[in-house]
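Reviewing the structure listed below.
Numbering (my numbering), first residue to last: 149 to 219.
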């Protein structure tokens, strides 16, 4: 298990890498403004999906992220 400081740093780096600085900042603002329970959200995120469906969705997401623009 990593410590809280490393978790926050790595998480922020990943958000910036994935969304860019502006959208990562916007994400943090949205989370702070709204009453948002991340744990409850995670509990329902994949509700009703099998492990195979989640895996297929992840593979499709990766495929699309790697595809050239316009595909």
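Just so you know, even glycine gets a beta-carbon here, dropped at the ideal spot from N, CA and C.
Distance check for residue 191 and residue 184, CA to CA, integer angstroms please.
In the chain shown, counting from the first residue as 1, residue 184 sits at position 36. In the chain shown, counting from the first residue as 1, residue 191 sits at position 43. Those two C-alpha atoms are separated by around 13 angstroms.
Integer Cβ distance of residue 167 from residue 175, believed to fall under 8 angstroms:
Within the chain shown, the letter at position 19 stands for residue 167. Within the chain shown, the letter at position 27 stands for residue 175. The distance from the Cβ of residue 167 to that of residue 175 is about 7 angstroms, consistent with a contact at the 8 angstroms cut-off.
CB residue 163 to CB residue 172, shorter than 7 angstroms?
Position 15 of the chain shown, counted from the start, is the residue given in the question as residue 163. Position 24 of the chain shown, counted from the start, is the residue given in the question as residue 172. Cβ distance < 7 angstroms, so residue 163 and residue 172 count as in contact.
Helix, strand or coil for residue 185, going by three-state DSSP, please let me know.
Residue 185 sits at position 37 when you count from the first residue of the chain shown. Correct three-state label for residue 185: coil.
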